[in-house]
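Under this note's numbering, the first residue of the sequence shown carries the number 13, and numbering increases by one thereafter.
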Amino acid sequence: MFNGRTALRAVVAGLAVAAMVAPACAAHADPSPEEIQAQIDKGNKEVELVVEQYNKVNGDLEATQAAIAKAQADLAPLQTSMDAARENAGRVAVGAYKTGGSLGTWSLMLGAASSDSFTDRVGTLEQISRSQQRDLDAYSAAKGAVDAEQRRLNDQLAAQSRQKTELETRRKQIEGDIARLDQMQRKAEQAAAAAAAKAQTKTTPANPAPNPGPPPAVSGAAGKAVSYAWAQLGKKYVWGTAGPDTFDCSGLTMMAWKAAGVTLPHNAAEQYSRVKHISRSQLAPGDLVFYNGLGHVGIYIGNNQIIHAPNSRTVVKVAPIDIDTLYGYGRP
């Protein structure tokens, strides 16, 4: 599982697409389509790491916001107890007045502008019983602890928000570099096509993508996950999304298994930490296949094939299992 700032620094330090483009252009006046494609593939792998870290930060932000809401909710019963103590003290004050007690002292107490000053003043009044004082002390201690936790969570929220912004910026930089590489690739391919035409070399047209047909026959929860993923074929990749019309890699696997009643986080590394790790020989349809140092994940459908959402240049598709450096396998 990635670790916040450390992971971000490691990712940013390792991402050198922009630096990679310039030397390539300088060293090779006319880079081949294959050379450009290799650079594009490298950039896409780097984007995967950034996107998955972005997904993790999003999850962390949601957890922090939920913790802040809980801390605020925890104050409600404490405040109710404080109000009850204040009301009880008022009754004691009235009683003290009727029996000749010092009204001036109680006026000081009831006129307190805040709960803190109220607690301070109440401590000087001998008419409050020890049990009442313990209640007030407990409130003061609990409120102090909740306030401290809220400050910590607010600081954490601000740090996570900054990290999210940094990741968004870095992703845009890398995708901008990839877009420039795309232009270079198109020019190289056009030049190659023109040279082939001039040499009267016939090229074989690409075969159209076959109709995917029905999903593989898989039973149980795994079958539901596979069927869901199969139904998304052809949908566009958009980073940070999990359907219904666009997906990134971990968004696709998360939603596929959600359709089967299994909850997974929207992050490849965290998904790997939640599933049962298995060997390749144990792979069955529905299992998850992890790549690129936990920067990418797909769902196995049998016959050495996966369904995955590769990158922003393409769509959800079926691919061979060995499309990239394998990291591991897991069964939700």
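We put the beta carbon where it would ideally sit given N, CA and C, even for glycine.
Taking only the alpha-carbon atoms, compute the straight-line gap between residue i and residue j and give it to the nearest angstrom.
i      : j      : result
Arg297 : Ala281 : One point to set straight first is that residue 297 is Pro, not Arg, in the sequence displayed. Near 20 Å, if we compare the C-alpha coordinates of Ala281 and Pro297.
Pro220 : Thr337 : Interpretation of Pro220 is limited by its pLDDT of 45, a score under 50 that renders its predicted location unreliable; the figure taken from the coordinates is listed afterwards. Spanning the two alpha carbons is a distance of roughly 28 Å.
Thr258 : Tyr284 : 22 Å
Arg192 : Val330 : 27 Å
Leu12  : Val238 : Summary: the structure shown does not reach residue 12, with the chain confined to residues 13 through 344, and so no result is reported for it.
Asn304 : Ala229 : 29 Å
Asp194 : Ile48  : 8 Å
Ala154 : Glu161 : 11 Å
Lys7   : Asp167 : Residue 7 lies beyond the range of the chain shown here (13 to 344); nothing can be said about it.
Ile80  : Ala271 : 30 Å
Gln294 : Arg325 : 32 Å
Ile318 : Val327 : 14 Å
Arg286 : Gln84  : 30 Å
Pro332 : Asn323 : 16 Å
Arg163 : Glu187 : 36 Å
Lys236 : Lys176 : 33 Å
Ala88  : Gly340 : 47 Å
Phe302 : Val309 : 4 Å
Ser152 : Asp86  : 13 Å
Ile313 : Lys210 : 44 Å
Ala75  : Ile52  : 35 Å
Ala206 : Glu46  : 17 Å
Lys82  : Asp189 : 43 Å
Ile335 : Asn316 : 11 Å
Thr92  : Val158 : 15 Å
Ala50  : Ala208 : 22 Å
Lys57  : Gln185 : 14 Å
Pro227 : Lys288 : 24 Å
Ala150 : Leu169 : 28 Å
Gly225 : Pro256 : 20 Å
Gln145 : Thr181 : 54 Å
Ala218 : Leu165 : For Ala218, the pLDDT reaches just 46, beneath the cut-off of 50, and the residue's location in the model is therefore unreliable, leaving the point undetermined.
Arg198 : Lys247 : 24 Å
Where do the N-terminal and C-terminal ends of the alpha helix (DSSP H) with residue i fall, by residue?
i      : result
Gly232 : 232–243
Gln283 : 280–286
Are the CB atoms of residue j and residue i within a distance shorter than 8 Å?
i      : j      : result
Asp260 : Val69  : no
Ala321 : Tyr240 : no
Gln202 : Asp72  : no
Asn67  : Ser291 : no
Ala243 : His278 : no
Trp251 : Pro344 : no
Arg174 : Val59  : no
Ile345 : Thr275 : The displayed coordinates of the chain run from 13 to 344. Any statement about residue 345 would go beyond what the structure contains.
Gly307 : Leu61  : yes
Gln77  : Leu179 : no
Leu300 : Gly342 : yes
Pro43  : Met267 : no
Mind checking who residue i pairs with in its DSSP beta bridge?
i      : result
Gly342 : His289, Leu300
Tyr249 : Phe259
Ala254 : Phe259
List, from N- to C-terminal side, the beta strand (DSSP E) runs of 3 residues or more that fit wholly inside the stretch 268–337.
288–290, 300–303, 308–314, 317–320, 329–332
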